[in-house]
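Q: Supplied in structure tokens, the structure appears directly below.
Residue numbers (full-length UniProt numbering): 1 to 55.
Following this line, the structure appears as structure tokens:
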């Protein structure tokens, strides 16, 4: 979700219906700043298919 106006009014970034994903997989995103406390903004996530099925 996003809060582009910084008003604690979070809204979904997008919604996709009718998608069938296989089970047993995860999307994981982590960030660290060492000893400091900070927030991190994810600006983009790109997904690619690694193996192309035979035609």
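We put the CB at the ideal spot given by N, CA and C, even for glycine.
According to DSSP, simplified to helix, strand and coil, what is residue 2?
A: strand
Q: In its own chain, which residues sit with a C-beta less than 6 Å from the C-beta of residue 40, not counting the 5 before and 5 after it?
A: 31
Q: Give me, in chain order, the residues of the same chain whose beta-carbon lies closer than 7 Å to that of residue 11; leave out the 5 immediate sequence neighbours on both sides.
A: Only 1 and 2 meet the Cβ criterion.
Q: Quick one: residues in its chain with C-beta nearer than 7 Å to the C-beta of residue 13, no 5 flanking neighbours on either side, listed in chain order?
A: 1 and 2
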